[in-house]
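**Q** Got a structure for you, questions after.
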Amino acid sequence: MAIEKNELRRVMGHFATGVTVITSIRSSGELHGLTANAFTSVSLIPPLLLICVDKKAESYPCFDESRIFTVNVLAAGQEALSRRFAVSGGDKFEGVSYKIGANGAPILDGALAYLECKVTRKIDGGDHTIYVGEIEQAETKEGKPLLFFRGGYRELGD
Amino acid sequence: MDNNLARAMAGLSTGIYVLTVREGGRCHGMSSSWVAQVSGEPVLFTAAVDNAHFSNGVIARTGAFGMNVVGRRGRQLEDYFYSARARREDNLDAIEFELSPSLQVPWLKLAMVALEARVVDSRIAGDHTIFVASPVGVRVAANDRPLTSLDLDYVYLGGRQVFPRDRAGWD
């Protein structure tokens, strides 16, 4: 049974997710970041998570080159940051407060949590690549997360 | 697990799903939150399933599973599959379901959306297996707000590790 593409897109929009900015750094020192809601925990022992990166994304080559990334979990109220890192072109970090983490990737100020990872595996996934990362360091702070489902940003209670 | 790491992983917001399997006339469901969409063209998604869980072997053998999205009005599904009553192989005998049209996997009546999916790739990653799956059929049952991990009073971190949710700073 073939599924009509628009119907399937609508159905997949029912996946409720948090919103993250995945950051990394090239060997040249150039910083990269992209907004992603395609991520999930994978394993407890060892601690692993996965992210899915669009093969057409400007930052895509960075992940193969650096083999590291940091997942910045956005807090409620950081919708503008999400939108900034969701578009291509320009210096996305201009005017954004961040620090460089132990793995070299940026940690965004105000993020609810960050998880520093090294890539342990990549899996082809259609128009995206699945990167499995081992979590090497993580921090969190109190607050509500930003959510995304059915094509829009949400907060708890919406 | 390091406390910072546990808290950070608890901060990853997810939907709440019930993965369903069928083999030899036996039907089983498991609560899952480790699901993510992978690709738009073709549409693919992943589900990470504990290597020690009954469902893992069934999915590996049959190459198919159902993915049921739990909405707020279907919260009793999460309550049931989280409970001790559901920790048995034939645990769908207490739940209303139908079999999906193509792959004959269980679609739960109370799920707001249900997919039937064929596994296209699988990789063991630590204590779970990443199943990459392609949806072949869908049923949209009810318009509802998806239940999220943040609505639950507990946080699943894999294996038997479950922590109470800390809602400090949410107000």
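If you read the protein sequences in the order shown, they are chains L and V. With the first letter of the first sequence counted as 1, position 137 gets the number 137 in my numbering; the numbers rise by one all the way through. Every number in my numbering is 1000 more than the matching position in the second sequence, counting from 1. Idealized CB from N, CA, C, for every residue including glycine. Here the structure is a predicted model, which is why all the values come from computation and not from measurement.
#1: Within 8 Å of any Cβ in chain B, is that where the Cβ of V/Ser1083 sits?
#2: Mind checking if V/Thr1062 is an interface residue toward chain L, Cβ cutoff 8 Å exclusive?
#3: Under a CB-based cut-off of 8 Å, is L/Thr23 close to chain V?
#4: Less than 7 Å between C-beta atoms, sequence neighbours within five positions excluded: which residues of the same chain meet that for V/Glu1089?
#5: Which residues, in order along the segment 1112-1124 of chain V, keep a beta-carbon less than 8 Å from a beta-carbon of chain L?
#6: Using a cut-off of 8 Å between C-beta atoms, extract the partners of L/Arg121 located in chain V.
#7: Return the bridge partner residues of L/Leu31 from the DSSP annotation.
#8: Assign L/Asn72 to one of three DSSP states: helix, strand, or coil.
#9: Can you pull the chain L residues whose beta carbon is under 7 Å from the beta carbon of V/Arg1007, in chain order?
#10: With DSSP as the reference, please indicate the residues paired to L/Phe52 in a beta bridge.
#11: Given this structure, state the Cα-to-Cα distance separating L/Gly101 from L/Val71, to the nearest angstrom.
#12: What residue does the alpha helix (DSSP H) around L/Pro61 start on, and which one ends it?
#13: Under DSSP, the beta strand (DSSP E) around V/Ile1016 begins and ends at which residues?
#14: If you run the structure through DSSP and keep just helix, strand and coil, what is L/Asp124?
#15: Taking beta-carbon pairs under 8 Å, can you tell me which members of the segment 1041-1061 of chain V lie near chain L?
#16: Taking C-beta to C-beta, are V/Leu1077 and V/Ala1048 nearer than 8 Å?
#17: Alpha carbon to alpha carbon, what distance is there between L/Ser27 and L/Thr17?
#18: Relative to the C-alpha of V/Gly1074, which residue among V/Leu1005, V/Glu1041 and V/Val1018 is closest?
#19: Give me the chain L residues within the contact set of V/Gln1037, using Cβ-Cβ distance strictly less than 7 Å, ordered along the chain.
#20: Can you tell me which of L/Phe39, L/Ala76 and L/Ser97 puts its alpha carbon nearest to the alpha carbon of L/Cys52?
#21: Quick check on this structure: which residue in V/Asp1153, V/Thr1046, V/Tyr1080 and V/Glu1041 has the alpha carbon closest to the alpha carbon of V/Ala1064?
#22: Consider the Cβ of V/Ala1142: report whether some Cβ of chain L lies at a distance smaller than 8 Å.
#23: If you drop the 5 nearest sequence neighbours on each side, which residues of the same chain put their C-beta closer than 6 Å to that of V/Ala1168?
#24: Identify the contact partners of L/His32 in chain V, using a Cβ-Cβ distance below 8 Å as the criterion.
#25: What ranges does the beta strand (DSSP E) occupy inside the segment 1015-1097 of chain V, keeping only unbroken runs of at least 3 residues that lie completely in it?
#26: For L/Ser97, name the three-state secondary structure that DSSP assigns.
#27: For L/Lys122, which of L/Val19, L/Leu50 and L/Glu7 has the nearest alpha-carbon?
#28: Going by CA-CA distance only, name the one from V/Gln1104, V/Leu1012, V/Arg1123 and V/Asp1151 that's closest to V/Leu1115.
#29: Where does L/Gly29 land, buried or exposed, given buried means 16+ other C-beta within 10 angstroms?
#30: Report, in whole angstroms, the separation of the C-beta atoms of L/Ala36 and L/Thr23, which I expect to be a contact under 8 Å.
#31: Using DSSP's beta-bridge definition, name the partner residues of L/Lys118.
#32: Based on the DSSP secondary-structure assignment, which residues constitute the bridge partners of L/Glu139?
#33: L/His14 bridges to which residues according to DSSP?
**A** Put simply:
#1: In summary, chain B is missing from the structure at hand, where the protein chains are L and V.
#2: no
#3: no
#4: Arg1026, His1028 and Phe1054
#5: Met1112, Val1113, Leu1115, Asp1121 and Arg1123
#6: Arg1123 and Ala1125
#7: L/Ile25
#8: strand
#9: Thr140
#10: According to the sequence as given, residue 52 of chain L is Cys; it is not Phe. According to DSSP, which records beta bridges pairwise, L/Cys52 is partnered with L/Ile130.
#11: 11 Å
#12: Tyr60 to Ser66
#13: It is not in any beta strand (DSSP E) - V/Ile1016 carries neither H nor E in the DSSP assignment.
#14: strand
#15: Glu1041, Pro1042, Val1043, Leu1044, Phe1045, Thr1046 and Ala1048
#16: no
#17: 31 Å
#18: V/Val1018
#19: Met12, Phe15 and Ala38
#20: L/Phe39
#21: V/Thr1046
#22: no
#23: none
#24: Here the premise fails: no neighbours, minimum Cβ distance about 20 Å.
#25: 1017-1023, 1026-1032, 1035-1040, 1043-1050 and 1064-1069
#26: coil
#27: L/Leu50
#28: V/Gln1104
#29: exposed
#30: Wrong, their Cβ atoms sit about 10 Å apart, outside the cutoff.
#31: L/Ile68 and L/Glu134
#32: L/Tyr114
#33: Note: L/His14 sits in no beta bridge, so no partner.
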